[in-house]
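Notes follow once the structure below has been shown.
Numbering (the working numbering), first residue to last: 4 to 383.
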């Protein structure tokens with residue numbers, strides 16, 4: 004009988020086999036940024052950040068080992084589970100700070116809306132693969148309905164940031180599946196007109212007593228604060244004002260690691276989560292921002308390269324959507340902390356503190372690795 008070989012070299016090779024080196028290198032750079040900035044912004048959270056990172060990397064490795072078709076086979080049950088849990092949140096969820104987003108399952112609390120960030124693109128990629136070669140308007144309508152159901156349940160909670168990310172994940176899949184620009188253009192036009200109306204008539208629309216259909220009062224205040232944060236500098240506008248001061252005061256080279264005054268004098272709110280980009284900008288300046296942006300750009304380019312060479316329609320749609328989700332996270336977070344977009348609670352990808360978001364994002368990296376590995380195995 005031949006004995007099984009457990010030589011360390013063979014074990015290490017088997018462990019590293021599903022890992023895509025360029026993606027892993029870029030992820031390591033971003034996580035290095037996260038630890039470096041967190042040591043300055045909130046050092047007491049470093050132990051839990053280490054645990055979150057290990058859990059997220061384990062989830063990434065498991066996803067990378069699973070073949071894309073196996074991942075797609077989980078799409079329907081994962082989507083159904085996510086919708087059922089969102090309904091359960093609406094019926095039995097725990098309310099905190101005016102929002103009902105958490106579900107107590109006995110041993111811990113979970114936020115079911117996070118499941119949809121992965122389940123949504125998986126579900127739509129699986130759906131379009133089932134109809135490959137016969138995708139017509141009807142298929143896009145059904146895909147839109149599959150998207151609207153969980154997004155509507157998330158908005159009821161309310162959670163504008165998560166609903167935006169889930170919507171983006173679904174829309175990206177639908178767009179890459181071949182949605183006609185004739186259908187996209189009217190939506191874009193309506194959005195542009197709506198934004199123009201808010202900017203042009205902001206003084207009237209932001210008056211007390213003026214209701215915005217479909218938005219809560221605090222969401223209205225976020226938009227109005229974006230238009231003119233100085234109207235309430237110690238209240239609703241405080242976050243944006245302090246954030247922009249921190250970003251601007253960093254200059255070209257920054258004030259130095261752990262020397263940010265806005266951060267360490269506690270002027271900057273939520274400096275370990277939503278506004279961690281402001282900490283980075285203050286302490287590392289424009290140079291640090293450029294390095295971070297280049298790292299994100301390389302990550303997105305690598306994701307698109309994997310999507311372009313993916314062997315199946317579903318894997319191409321999934322890889323393209325996940326890559327665009329990374330872009331959406333970064334764009335929305337940087338936009339809101341710099342006063343370009345309303346504050347909607349979207350973290351800076353791989354940098355902001357938060358275990359659930361980190362696990363979700365690393366699962367996305369793992370799915371990209373799985374798709375790349377399947378292509379290499381197909382060519383072997």
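All C-beta atoms in this analysis are idealised placements derived from N, C-alpha and C, irrespective of residue type, glycine included.
Start-to-end residues for the alpha helix (DSSP H) that takes in residue i
i: residue 129; result: 118-133
i: residue 64; result: 49-68
i: residue 310; result: 279-311
i: residue 368; result: 358-382
i: residue 323; result: 316-340
i: residue 245; result: 241-252
i: residue 354; result: Run containing residue 354: none; DSSP gives neither H nor E here.
i: residue 267; result: 264-267
i: residue 24; result: 24-44
Closest residue to residue i among the options (Cα-Cα distance)
i: residue 260; options: 16, 41, 22; result: 41
i: residue 32; options: 295, 120, 103; result: 295
i: residue 246; options: 186, 309, 271; result: 271
i: residue 59; options: 376, 352, 382, 377; result: 352
i: residue 167; options: 187, 117, 47; result: 117
i: residue 380; options: 12, 16, 196, 20; result: 20
i: residue 159; options: 356, 299, 309, 96; result: 96
i: residue 133; options: 382, 327, 315; result: 315
i: residue 255; options: 290, 240, 282; result: 290
i: residue 242; options: 28, 342, 193, 369; result: 342
i: residue 253; options: 267, 68, 283, 145; result: 283
i: residue 164; options: 197, 240, 104, 145; result: 104
i: residue 50; options: 357, 369, 378; result: 357
i: residue 369; options: 67, 211, 108; result: 67
i: residue 274; options: 249, 57, 195; result: 249
Neighbour-count burial assignment, residue i, 16 or more Cβ in a 10 Å radius
i: residue 251; result: exposed
i: residue 135; result: exposed
i: residue 184; result: exposed
i: residue 329; result: buried
i: residue 162; result: buried
i: residue 293; result: exposed
i: residue 4; result: The predicted model places residue 4 with a pLDDT of 41, which falls under 50 and marks its position as unreliable, so this point remains unresolved.
i: residue 65; result: exposed
i: residue 12; result: exposed
i: residue 78; result: buried
i: residue 187; result: exposed
i: residue 55; result: buried
i: residue 309; result: buried
i: residue 121; result: buried
i: residue 46; result: exposed
i: residue 98; result: exposed
i: residue 44; result: buried
i: residue 146; result: buried
Under 7 Å between C-beta atoms of residue i and residue j
i: residue 321; j: residue 124; result: yes
i: residue 373; j: residue 71; result: yes
i: residue 36; j: residue 354; result: yes
i: residue 127; j: residue 317; result: no
i: residue 286; j: residue 265; result: no
i: residue 365; j: residue 119; result: no
i: residue 324; j: residue 172; result: yes
i: residue 29; j: residue 300; result: no
i: residue 169; j: residue 154; result: yes
i: residue 305; j: residue 26; result: yes
i: residue 263; j: residue 288; result: no
Where the beta strand (DSSP E) containing residue i begins and where it ends
i: residue 102; result: 102-107
(request) Taking 8 Å as the threshold, find out whether the stretch 329-341 comes into contact with the stretch 179-195 through three or more Cβ pairs. (result) no
(message) Count Cβ pairs between the stretch 338-350 and the stretch 268-283 that sit closer than 8 Å; are there 3 or more?
(response) yes
(message) Between the stretch 85-101 and the stretch 139-146, can you find at least three pairs of beta-carbon atoms closer than 8 Å?
(response) No, because fewer than three Cβ pairs between the stretch 139-146 and the stretch 85-101 fall closer than 8 Å, the two stretches do not touch.
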